[in-house]
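Novice: Sharing a structure below in structure tokens format, with a few things to ask.
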Amino acid sequence: MNNFNEKWALVTGASSGIGEVFAHELAAKGSHLILVARSESKLNELARKLMKKYKIQTEVIVSDLSQAGASTEVYQECINRGHRVDLLINNAGFATHGLFEEQSLDRNRDQIMLNVMALVELTHLFLPDMLINRRGAVINVASTAAFQPNPYMAVYGATKAFVLSFTQALWKENGNRGVQFLTLCPGSTETGFFDAVGTNDAVVGKKDNPKHVVDVALHSLGTSRSYVVAGRMNYLVSQMNRFVPKKVMLQAVSNLIRPAQK
1 MNNFNEKWAL VTGASSGIGE VFAHELAAKG SHLILVARSE SKLNELARKL MKKYKIQTEV
61 IVSDLSQAGA STEVYQECIN RGHRVDLLIN NAGFATHGLF EEQSLDRNRD QIMLNVMALV
121 ELTHLFLPDM LINRRGAVIN VASTAAFQPN PYMAVYGATK AFVLSFTQAL WKENGNRGVQ
181 FLTLCPGSTE TGFFDAVGTN DAVVGKKDNP KHVVDVALHS LGTSRSYVVA GRMNYLVSQM
241 NRFVPKKVML QAVSNLIRPA QK
């Protein structure tokens, strides 16, 4: 999918961070946008800004995708408004950080529901329409955390490993059916991600620019890749588990993201 002009793109987690940058970059390429997040005021402000600057159409759907049934409601709202989605960007997600037993079970449940279940549901709901027309694309946002277990971010790492595996499987299933699948794996990025986590201890290396991350993803849709890691150093680090013993890799990751001593 190389031509975004006049196509409809749905972006989850569109009110900030990588999702907001996806919205800006796609609008600049002429895409119409369906913006999904929990913050109605931020979405409305973004929608107005993009319509005025790029003369595109925008729709706002306020939804907490961590809640049961929310994905179906988003899909049905798109149908009710008469929009067929050409590009689905499953970007919404969050992480928890710290010793697993000290984390809120409810918070981790929401994390799994948002990072995994909502992504699966939205893909399942929007894919059939793309297949009928033999065109479209799905970008699922994972992380460099997908490539190895992550002590102190155990649930987050596991959810992103699921996203990578799931999307690569669908990339293969749909290789000759006209719909592209891509997993985007950013490293630490200049967003509010770690503010939501509640710590900066888990930052590994220099933070990437979110525009660079989005540019890498959109450029990669024109290739045959099943996944892309934003940043050369991030790519090299993500591949280390192929050459370094598991115990050594786990210790290294543990040292990097262990919470600061209280």
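For the sequence shown, UniProt numbering assigns the number 1 to the initial residue and increments by one for each residue that follows.
Quick reminder that beta carbons are idealized off the backbone N, C-alpha and C, glycines included.
1) From MET113 to ARG107, what does the alpha carbon distance come to, in whole angstroms?
2) Report all residues from its chain with a CB closer than 6 Å to the CB of MET240; omit the five preceding and five following residues, and keep chain order.
3) Using a Cβ-based criterion (distance less than 6 Å to any ligand heavy atom), does LYS247 qualify as near the ligand ZN?
4) Under the rule that 16 or more other beta-carbon atoms within 10 Å means buried, what is THR72, buried or exposed?
5) Can you give the Cα-Cα distance for HIS83 and ILE89, rounded to whole angstroms?
6) Across the stretch 248-256 and the stretch 225-237, are there enough close Cβ pairs to call them in contact, namely three or more that are closer than 8 Å?
7) Fully enclosed by the stretch 225-249, which beta strand (DSSP E) runs are 3 residues long or longer?
8) Taking only the alpha-carbon atoms, compute the straight-line gap between residue 264 and ASN174 and give it to the nearest angstrom.
9) If you run the structure through DSSP and keep just helix, strand and coil, what is ASN91?
10) So GLN67 is in the beta strand (DSSP E); what residue range does that whole segment cover?
11) Just verifying my parser: in three-state terms, what is the DSSP assignment at GLY198?
12) Tell whether a beta-carbon distance below 7 Å holds between ILE34 and GLU6.
13) Beta-carbon within less than 6 Å of ILE61's beta-carbon, same chain only, minus the 5 sequence neighbours each way: which residues are those?
14) Would the beta-carbon of GLY69 fall within 7 Å of that of ARG135?
15) Grouping DSSP H, G and I as helix and E and B as strand, with all else coil, what is HIS32?
16) Give me, in chain order, the residues of the same chain whose beta-carbon lies closer than 8 Å to that of ASN3; leave out the 5 immediate sequence neighbours on both sides.
17) Pair every Cβ in the stretch 208-219 with every Cβ in the stretch 158-176, then say whether three or more of these pairs are closer than 8 Å.
18) SER63: which of GLN57, ARG48, GLU40 and ASN44 sits nearest, CA to CA?
19) Do ALA9 and LEU87 have their CB atoms nearer than 7 Å?
20) Mind checking whether residue 265 and LEU164 have CB atoms under 7 Å apart?
21) Would you check if the distance between the CB atom of THR191 and the CB atom of ASN140 is smaller than 7 Å?
22) Under 7 Å, do VAL21 and PRO210 count as touching if we go by C-beta distance?
23) How about HIS32 and GLN67: are their beta carbons less than 7 Å apart?
24) Note down the Cα distance separating CYS120 from GLY17, rounded to an integer number of angstroms.
25) What number of angstroms, rounded off, separates the C-alpha of GLN148 from the C-alpha of ASN91?
26) How about GLN103: is its C-beta nearer than 7 Å to some C-beta of chain C?
Specialist: Taking the structure as given:
1) 10 Å
2) none
3) Here there are no bound small molecules, and the ligand ZN is not part of this structure.
4) exposed
5) 15 Å
6) no
7) 227-229
8) An answer regarding residue 264 cannot be provided, because it is not within the stretch 1 to 262 covered by the chain.
9) coil
10) Per DSSP, GLN67 belongs to no beta strand (DSSP E) and is neither H nor E.
11) Annotation note: pLDDT 49 at GLY198 (below 50); position unreliable, coordinate value reported separately. Coil.
12) no
13) VAL36, VAL74 and GLU77
14) no
15) strand
16) none
17) no
18) GLU40
19) yes
20) No answer is possible for residue 265: it lies beyond the span of the chain, which begins at 1 and ends at 262.
21) no
22) yes
23) no
24) Going by the sequence as given, residue 120 is Val instead of Cys. Roughly 21 Å separates the two Cα atoms.
25) 20 Å
26) Protein chain content of the structure displayed is limited to a single chain, and chain C is not contained in it.
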